[in-house]
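> Chains as they are written, first to last, in this note's numbering: chain H, 9 to 658; chain P, 9 to 658.
1. Tell me which residue opens and which closes the alpha helix (DSSP H) that residue 240 of chain P is part of.
2. Report the option in P:633, P:218, P:387, P:654 whose CA atom is closest to the CA atom of residue 588 of chain P.
3. Would you list the one or two residues that DSSP bridges to residue 149 of chain H?
4. Along the region 308-341 of chain H, what residues have a CB closer than 7 Å to any CB found in chain P?
5. Tell me which residues of the region 509-523 of chain P have at least one Cβ-Cβ distance to chain H shorter than 9 Å, keeping chain order.
6. So residue 645 of chain H contacts chain P; which residues on that side make the cut at Cβ distance below 9 Å?
7. Anything in the region 105-117 of chain H with a Cβ closer than 8 Å to a Cβ of chain P? List those residues in chain order, please.
8. With distances taken Cα to Cα, identify the nearest neighbour of residue 410 of chain H among H:388, H:76, H:365.
9. Report the partner residues of residue 213 of chain H according to the DSSP bridge assignment.
10. From the DSSP output, in three-state form, read off residue 51 of chain H for me.
11. How about residue 566 of chain P and residue 497 of chain P: are their beta carbons less than 7 Å apart?
12. When the Cα atoms are used, what is the spatial distance from residue 305 of chain P to residue 520 of chain P?
13. Note the first and the last residue of the continuous beta strand (DSSP E) segment covering residue 297 of chain P.
14. At what residues does the alpha helix (DSSP H) containing residue 85 of chain H begin and finish?
15. Got a sec: which bits of the region 613-641 of chain H sit with their beta carbon under 7 Å from any beta carbon on chain P, in order along the chain?
16. Taking all protein chains shown into account, decide if residue 157 of chain H is buried (16 or more other Cβ within 10 angstroms of its Cβ) or exposed.
17. With DSSP collapsed to three states, give me the class of residue 558 of chain P.
18. Alpha helix (DSSP H) containing residue 336 of chain P: first to last residue?
19. With a cut-off of 8 Å on the beta carbons, I'd call residue 371 of chain P and residue 438 of chain P a contact; round off their distance for me.
20. Should the region 393-403 of chain P be regarded as contacting the region 436-450 of chain P, the criterion being three or more beta carbon pairs within less than 8 Å?
21. Quick one: what's got a C-beta closer than 6 Å to residue 252 of chain H's C-beta in the same chain, skipping five residues either side?
22. When you compare the CB positions of residue 608 of chain H and residue 476 of chain H, do they come within less than 7 Å of one another, or not?
23. Considering only residues of the region 303-384 of chain H, which uninterrupted beta strand (DSSP E) runs meet the minimum length of 3 residues and lie entirely inside it, listed in chain order?
24. With DSSP as the reference, label residue 79 of chain P as helix, strand or coil.
25. In angstroms, rounded to a whole number, what distance separates the CA positions of residue 619 of chain H and residue 320 of chain P?
26. Do residue 509 of chain P and residue 352 of chain P have their CB atoms nearer than 7 Å?
27. Return no unless some Cβ of chain P is closer than 7 Å to the Cβ of residue 657 of chain H.
28. Report the rounded CA-to-CA distance for residue 54 of chain H versus residue 29 of chain H, giving the unit in angstroms.
29. CB-CB under 8 Å to residue 242 of chain P, same chain, minus the five flanking residues each way: which ones, in chain order?
30. Given that a residue counts as buried once 16 or more other Cβ atoms are within 10 Å of its Cβ, and exposed if not, what is residue 236 of chain P?
31. For residue 118 of chain P, report the span of its alpha helix (DSSP H) as first-last.
32. Buried or exposed: which applies to residue 480 of chain P, given that a residue is buried once 16 or more other Cβ atoms fall within 10 Å of its Cβ?
33. Give a yes or no on whether the C-beta atoms belonging to residue 299 of chain H and residue 323 of chain H are separated by under 7 Å.
34. Would you check if the distance between the CB atom of residue 51 of chain H and the CB atom of residue 78 of chain H is smaller than 7 Å?
35. Thinking just about the alpha-carbon of each residue, which of P:617, P:634, P:529, P:635 is nearest to the one in residue 647 of chain H?
36. Tell me whether residue 406 of chain P sits in a helix, a strand or coil according to DSSP, three-state version.
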């Protein structure tokens with residue numbers, strides 16, 4: 009039976025005891041109908057005929073479209089929203105927090121921090137999921153639509169229950185089959201899926217292939233400035249909107265890692281995006297344009313290139329040139345979803361371009377649903393980063409709304425971590441990342457601790473289990489960082505799989521991800537004077553802070569500096585000793601997590617207990633490999649023994 | 009049109025001018041019939057009605073079965089052989105050397121050095137070839153028999169023309185489909201293939217799956233000591249021999265790299281092999297048992313294991329325990345077909361076990377039909393190695409006949425390098441390796457230079473091209489060694505593909521192939537006092553020569569010793585400088601090869617010219633990557649600059 013995640017049977021049972029009154033009238037539409045359905049069919053609550061008989065009054069109010077209020081008036085809860093979608097979100101919010109018991113009786117306004125709150129499915133039509141670790145796609149198998157609408161409905165509910173409002177249904181890498189999603193029988197099936205998400209206030213989007221006019225065989229070019237190309241897209245996308253009026257728009261990964269794009273025709277990315285934007289504008293659609301563009305044919309010998317600069321160099325000069333319904337979707341960091349990397353300097357620098365911050369709930373580089381890793385810990389730190397560095401504070405979390413000319417076309421997105429596994433996320437504990445992402449999108453200043461406490465209490469019935477989970481996940485992100493690549497140095501993972509250590513796997517490859525370890529030291533010199541000058545791209549005092557070895561935060565030391573092994577970190581220990589210490593302690597922490605988890609046996613369903621236990625055991629093996637390979641790798645270079653005499657294999 | 013390799017149109021034209029008289033009578037069998045066919049149909053020569061009218065008399069004589077003589081009596085050549093197969097071999101030998109013009113008029117006895125002269129096809133039923141670089145299989149495609157009997161006939165002719173007499177038709181890694189080659193409709197098709205090879209005096213063999221009794225669903229075990237298992241094999245193999253009377257026997261890769269074997273049942277390899285041997289003995293068949301057995305789940309941290317010891321430790325104690333129709337097929341070196349490794353110490357040590365030496369004509373680790381590499385240079389050195397090391401000299405080439413209790417069940421084998429490419433071997437120059445292997449098998453003391461001169465003259469019509477090819481191939485093997493992993497240190501190739509540099513790709517993996525490079529030095533300590541003791545396994549003075557740093561040949565230095573970078577080689581240069589020098593010179597040599605080859609333009613067919621040119625250009629790119637990655641890899645450890653100030657990327 010499929011896991012209900014945070015919408016647990018206990019939660020449903022408690023909400024069931026309430027009677028709801030939903031205001032009839034102007035809110036009557038598909039979403040409103042669905043809301044009543046949810047209350048009655050899914051939560052098994054009853055609808056009151058008149059307001060006086062209700063425990064909860066749900067009404068429309070004079071509020072922005074995306075907002076709602078909750079307050080307690082005598083014995084009644086009053087929930088008021090600016091739209092049917094907001095009322096649906098309000099209902100789930102009420103249900104979850106009623107169960108948690110943390111609703112304030114005073115009137116509280118809830119407005120999402122981010123306008124676009126999206127998940128990106130990297131699902132392929134063949135059923136595989138790129139960088140997915142929870143089974144095959146819930147949408148597709150063997151180049152067919154599975155048509156498991158019950159499962160899709162559950163997913164839409166899970167998304168809506170944490171306030172998400174958009175989903176991209178296919179992989180950003182658009183292969184041959186998916187190129188044809190925008191037409192014919194395939195589009196009919198997409199429409200069926202869209203209808204489900206629409207009931208839950210979620211718009212669907214499709215990743216499109218920039219070379220589609222050629223792939224279709226209709227045109228010999230995809231040059232965005234050739235009228236026939238623009239007209240082709242206008243026709244095709246008009247058809248999509250006519251069939252799916254609530255269609256959100258398209259997502260494009262262009263000129264990146266083998267994907268086609270405007271560069272093929274010597275056009276820039278604004279020219280490419282704007283052409284598509286014009287096609288979807290009449291229907292209120294948007295074009296989400298990914299900023300993940302870099303030279304993936306780099307020569308490791310060429311130090312003049314720095315992949316970290318790529319997005320900035322490409323998109324910085326285009327600020328202000330994108331159409332108003334284009335949104336640039338920018339990965340949080342300059343490289344690629346690493347466990348430890350700084351915030352992308354485009355954030356705070358772009359001021360005339362709509363922006364989405366992109367995270368990855370799927371744990372590509374962060375443990376692959378084997379290693380426990382509560383990603384919110386990292387997201388929280390990133391979102392708090394002051395992108396302006398000084399005088400005028402602008403934390404990353406405020407950038408999308410503040411720096412986007414059309415704030416309604418801004419927000420955050422995450423690569424989804426779900427698949428056909430019964431528990432959705434492979435590892436039960438990884439549900440926390442999906443939950444956290446939704447909460448972060450809605451309330452971007454929420455703390456990791458608050459999210460975690462909500463999730464653990466919503467998910468596990470037993471208090472002792474909640475406590476152990478809370479403790480484990482609180483530590484998990486740092487533990488993972490500790491036993492993997494040190495201090496922001498980046499790629500030391502195994503090539504291709506991106507799981508487990510491969511300290512030199514990328515060192516002489518074409519991906520621009522190097523650590524430059526040698527007998528003297530390690531790290532990437534990105535300083536202005538002697539390095540790539542990447543540090544200069546940051547605003548305000550950030551540039552100097554990163555550029556200066558003395559002020560650069562230890563956690564990012566090797567991202568910005570090439571440092572000798574005997575360099576002393578801020579806590580006084582040497583770099584090499586820090587590497588040894590964190591690798592021993594990180595690995596040991598996993599062993600302790602197993603012991604702690606074993607105290608939970610019998611306190612939760614056996615399948616859930618074993619699901620986590622087996623993954624922790626695999627994680628312990630992984631952590632041991634990381635510990636020993638990284639320690640040995642550096643020991644062989646540095647020749648400096650561990651000050652505590654622990655075993656480092658020669 | 010498919011390349012005729014060394015049986016070139018010029019050769020055929022010259023032989024065509026001769027009239028042959030083939031003695032009728034007791035030699036009349038299928039092979040003899042085929043011989044007449046070859047003379048008339050393929051070589052377009054004519055048959056003389058009476059001896060007096062012939063230029064060449066072909067007769068039976070009082071000779072061992074596998075031998076023939078050639079002599080000139082007045083105007084007539086007289087070729088005499090001990091069997092029809094030998095007469096066929098004699099015919100081709102005569103044809104080739106008549107064309108080359110190097111036949112002696114004095115009576116010369118030709119007897120093959122090796123009894124079994126075999127090729128191993130690593131072809132899978134799906135048409136792929138494991139470690140094949142010349143296209144797909146000529147036998148199989150998509151789990152069907154292609155039935156291209158013309159192509160198979162050409163292959164049989166090529167093999168027979170250089171004296172080969174055995175072929176294993178499927179990959180040593182026997183997958184599901186190939187398990188069923190020994191029965192039913194598949195065996196019928198195998199029979200058709202066998203009939204072709206039989207006409208050319210070549211026996212066919214099949215690789216079998218030791219777990220076949222289970223795979224077939226007939227038995228629950230494959231334990232060789234359980235009578236039902238032995239009986240199962242007796243029934244199945246008796247069927248094979250009844251259908252294909254000339255069937256040679258079976259090849260088994262057991263207990264290696266995931267293949268099943270006797271160890272599953274706590275039986276030793278003699279028990280496993282002897283069970284099968286009993287099944288084929290009544291029909292004169294043999295069991296070829298591969299000695300490539302090692303722990304492929306090694307822990308890189310565990311220095312107590314040394315993969316180089318594996319075959320010796322497994323099979324040394326079993327000497328004398330194998331049935332008389334079992335042949336142990338032993339890779340030439342202790343690791344795995346490396347460009348530079350010592351001779352396997354089992355050779356010379358085993359004295360009561362039939363032996364086949366295994367080479368790899370397919371260039372898995374030696375350039376993959378991209379890089380020019382005349383492997384005979386290495387084979388010649390290996391074959392000359394004195395396995396006894398001293399008093400009683402026993403070069404490797406004499407080991408199979410001398411140390412096998414049944415010399416007729418001994419010989420050499422090579423993994424074939426042919427595929428469906430028009431030129432058979434992907435790279436035209438790689439035909440030389442197929443030719444060389446046949447010649448080496450027949451005449452094991454032949455020199456590389458002699459083989460090369462034969463091949464270049466048989467293959468290219470133009471004298472200038474012959475000269476350039478001779479020059480390039482003469483240097484090619486050392487050039488390849490120069491720019492790849494230094495001084496016998498072994499695996500520094502990219503994982504999985506085994507092409508191109510990946511200096512650390514195997515360093516922390518489970519395959520037992522480590523180089524142990526650190527800031528002080530590099531190499532595997534296999535000495536008795538401080539290392540794995542592997543050096544001790546060699547006979548006579550070899551043990552001490554290898555064990556002693558001062559006497560160990562430079563070319564194998566890092567195979568046997570862990571050596572500091574400033575260690576001085578026999579020529580006085582330091583290890584690190586040697587690494588730099590050879591990598592610069594090896595890479596440069598490839599550039600020179602391209603220039604030399606370009607002088608051949610217009611002097612040979614355009615397709616052949618371009619075939620080689622494009623591969624040389626790809627090789628140059630590969631050599632440059634090797635040069636720079638290996639130099640940088642060691643420079644980062646050693647910190648010692650190149651004494652000549654050439655560019656080493658930091």
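Virtual Cβ for every residue (Gly too), placed ideally from N, Cα, C.
The answer reads as follows:
1. Segment 235-251, the alpha helix (DSSP H) holding residue 240 of chain P.
2. P:654
3. Partner residues in the beta bridge of residue 149 of chain H, as assigned by DSSP, are H:152.
4. Those residues of the region 308-341 of chain H that come within reach of chain P (Cβ to Cβ, closer than 7 Å) are 309.
5. Listed by position, the residues of the region 509-523 of chain P near chain H (Cβ gap below 9 Å) are 509, 510, 511, 512, 513, 515, 516.
6. 526, 527, 644, 645
7. none
8. Out of H:388, H:76, H:365, H:365 has the C-alpha closest to the C-alpha of residue 410 of chain H.
9. H:176, H:257
10. Residue state, collapsed to three classes: coil.
11. yes
12. 8 Å
13. Residue 297 of chain P -> beta strand (DSSP E) spans 294-298.
14. It is not in any alpha helix (DSSP H) - residue 85 of chain H instead sits in the beta strand (DSSP E) that spans 84-89.
15. 636, 637
16. exposed
17. coil
18. Where residue 336 of chain P is concerned, there is no enclosing alpha helix (DSSP H), although the beta strand (DSSP E) it sits in stretches over 334-339.
19. 7 Å
20. no
21. 199, 202
22. yes
23. 334-339, 362-368
24. strand
25. 44 Å
26. no
27. yes
28. 9 Å
29. 286, 287
30. exposed
31. Premise fails: residue 118 of chain P lies in the beta strand (DSSP E), 116-118, not in any alpha helix (DSSP H).
32. buried
33. yes
34. The answer is no: Cβ separation not under 7 Å.
35. The residue with the shortest Cα to Cα distance from residue 647 of chain H is P:529.
36. helix
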